[in-house]
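Peer 1: With the numbering used here as the guide, the letters of the sequence shown map in order to residues 1 to 182.
For each residue, glycine too, the CB sits at the ideal point set by N, CA and C.
Because the structure is a prediction, the values reported are computed rather than measured.
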Amino acid sequence: MNITFEKVDIHNANHKKAWLDFSLNTDAKKEWMIRKPEQGYGGPTDPNDFEENFSGISKYAESKHSYLVKLEESYIGIYDIHINHSQCRHQDGIVAWPGILISKEENRGKGLGKKMFLHLFNTAKKLGCTHIEAAPFEFNQRLKDILLKYNFKKIAEQKDLTFQDGKWYSSEHYLLDIRNLD
Ligand SMILES: CC(C)(COP(=O)(O)OP(=O)(O)OC[C@H]1O[C@@H](n2cnc3c(N)ncnc32)[C@H](O)[C@@H]1OP(=O)(O)O)[C@@H](O)C(=O)NCCC(=O)NCCS
Numbered sequence: 001m002n003i004t005f006e007k008v009d010i011h012n013a014n015h016k017k018a019w020l021d022f023s024l025n026t027d028a029k030k031e032w033m034i035r036k037p038e039q040g041y042g043g044p045t046d047p048n049d050f051e052e053n054f055s056g057i058s059k060y061a062e063s064k065h066s067y068l069v070k071l072e073e074s075y076i077g078i079y080d081i082h083i084n085h086s087q088c089r090h091q092d093g094i095v096a097w098p099g100i101l102i103s104k105e106e107n108r109g110k111g112l113g114k115k116m117f118l119h120l121f122n123t124a125k126k127l128g129c130t131h132i133e134a135a136p137f138e139f140n141q142r143l144k145d146i147l148l149k150y151n152f153k154k155i156a157e158q159k160d161l162t163f164q165d166g167k168w169y170s171s172e173h174y175l176l177d178i179r180n181l182d
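Okay, structure coming up:
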């Protein structure tokens, strides 16, 4: 499986299209987006959101590093690292706050995520991060198991952050010290 990584480029129309496709994929949104009952599924849907997210115009974009993931000729996923995100519970050092997504279920569970995690860990190290703090929703058992497998430790829980199928769920915060990671 030939998988490549492309740093998100604000001027690349294919990047914009891939990102919007991911954002409109409701399966992806379920695990990835925060939503409140009155909002339905949240998340970006407008092409202008792309500029807002990646151009550096917004304060949010300034500390964000994003890579699109390509399998052969198709974009299948994306990951980002936000440095010292306001939601981080770990307050020492430089903390990478990641988002990671393989858009379609059919591409998950086949080892592509592993390659993405390794790239993400490397990027975090290159950016000088000391820790990675990830915060999956409570119901995202697959990701929680994967994080534990990579030696993340649970450090906190934020109650009632997203509303799915008639119920509120927390996000759980997991931390990995990457200072001694090869
Ligand atoms: C999370 C995600 C990126 C993982 O990618 P993936 O391709 O499914 O994962 P992989 O098949 O590469 O598995 C990664 C590792 O976890 C292990 N793993 C996979 N599923 C697992 C499970 N249910 N329990 C324990 N370990 C598991 C794999 O064996 C592999 O281990 P290895 O590194 O030792 O080989 C992908 O499933 C996804 O995009 N999910 C939806 C979006 C999401 O939940 N994003 C996070 C919200 S912020």
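For the putative contact between H65 and I81, defined by C-beta atoms under 8 Å, what is the C-beta separation to the nearest angstrom?
Peer 2: Yes, H65 and I81 are in contact; Cβ-Cβ is about 5 Å, under 8 Å.
Peer 1: Note the first and the last residue of the continuous beta strand (DSSP E) segment covering F183.
Peer 2: The requested residue 183 is not part of the displayed model; the chain covers only 1 to 182.
Peer 1: From which residue to which residue does the alpha helix (DSSP H) around Y60 run?
Peer 2: Counting along the chain, the alpha helix (DSSP H) containing Y60 begins and ends at K59 to E62.
Peer 1: Which one of E38, S63, G43 and L68 has the shortest CA to CA distance from A13?
Peer 2: Among E38, S63, G43 and L68, the Cα nearest to that of A13 is on L68.
Peer 1: To the nearest angstrom, report how far apart T4 and M116 are at their CA atoms.
Peer 2: In a straight line, the C-alpha of T4 is about 10 Å away from that of M116.
Peer 1: Between I146 and P98, is the Cβ-Cβ spacing less than 9 Å?
Peer 2: No, the Cβ-Cβ distance between I146 and P98 is not below 9 Å.
Peer 1: I'd like to check one pair, A135 with E106: are the Cβ atoms closer than 9 Å?
Peer 2: In this structure, A135 does not lie closer than 9 Å to E106 by Cβ.
Peer 1: Report yes or no: do the region 86-94 and the region 33-47 share at least 3 C-beta pairs separated by less than 8 Å?
Peer 2: Cβ pair count under 8 Å is below three, so no.
Peer 1: Within 10 Å of its beta-carbon, does L101 have 16 or more other beta-carbons around it, so buried, or fewer, so exposed?
Peer 2: Buried.
Peer 1: Going by the DSSP bridge assignment, what does G77 pair with across the sheet?
Peer 2: The partner list for G77 (beta bridge, DSSP) reads V69 and I102.
Peer 1: Using a Cβ-based criterion (distance less than 8 Å to any ligand heavy atom), does L101 qualify as near ligand 1?
Peer 2: Within the cutoff, so yes.
Peer 1: What is the DSSP secondary structure of K159, reduced to helix, strand or coil?
Peer 2: In this structure, K159 counts as strand in the three-state DSSP scheme.
Peer 1: Can you tell me the Cα-Cα spacing of K154 and E138, whole angstroms?
Peer 2: C-alpha separation (whole angstroms): 12 Å.
Peer 1: For S74 and G109, I'd like the C-alpha separation in whole angstroms.
Peer 2: Cα to Cα, the separation comes out at about 18 Å.
Peer 1: With distances taken Cα to Cα, identify the nearest neighbour of I168 among N53, Y174 and K159.
Peer 2: For clarity, residue 168 is Trp in the given sequence; the question names Ile instead. Cα-wise, what sits closest to W168 is K159.
Peer 1: Helix or strand or just coil, what does DSSP make of S55?
Peer 2: If DSSP states are grouped into helix, strand and coil, S55 belongs with coil.
Peer 1: Taking the continuous alpha helix (DSSP H) assigned at D145, which residues delimit it?
Peer 2: Element bounds for D145: Q141 to K149.
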